[in-house]
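Only one structure is covered here, and it is reproduced in the block below.
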């Protein structure tokens, strides 16, 4: 079963963000806590971590 990775609200003031850099590619095995990408907002760049173990589709 696949789960969709949605853009999380990473702070109380965040209204939008951009996936600035992907650290994983389609087909990569990931574990919970692995950094998938960097999310850039108007104030900061933060890591987006996987919540699950699995394979990136």
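Numbering (our numbering), first residue to last: 37 to 93.
Note that the Cβ used here is the ideal one computed from N, Cα and C, for glycine as well.
Original post:
What number of angstroms, rounded off, separates the C-alpha of residue 76 from the C-alpha of residue 51?
Top reply: Translated into the one-based positions of the chain shown, residue 76 becomes position 40. Translated into the one-based positions of the chain shown, residue 51 becomes position 15. Spanning the two alpha carbons is a distance of roughly 11 Å.
Subject >> Residue environment, residue 53, which counts as buried when at least 16 other CB atoms sit within 10 Å >> reply: The residue given as residue 53 occupies position 17 in the chain shown. Classified as buried, residue 53 has 16 or more neighbouring CB atoms from the shown chains inside 10 Å of its CB.
Original post:
Roughly how many angstroms lie between the CA atoms of residue 47 and residue 59, to the nearest whole one?
Top reply: Position 11 of the chain shown, counted from the start, is the residue given in the question as residue 47. Position 23 of the chain shown, counted from the start, is the residue given in the question as residue 59. Answer to the nearest angstrom: the Cα atoms are 21 Å apart.
Original post:
Are residue 92 and residue 64 touching if we call contact CB-CB under 8 Å?
Top reply: By one-based count along the chain shown, residue 92 stands at place 56. By one-based count along the chain shown, residue 64 stands at place 28. Yes, the pair counts as a contact, with Cβ atoms nearer than the cut-off.
Subject >> residue 58, enclosing beta strand (DSSP E) - first and last residue >> reply: For the purposes of this step, residue 58 is taken as residue 22 along the chain shown, with counting starting at 1. Run containing residue 58: 54-58, per the beta strand (DSSP E) assignment.
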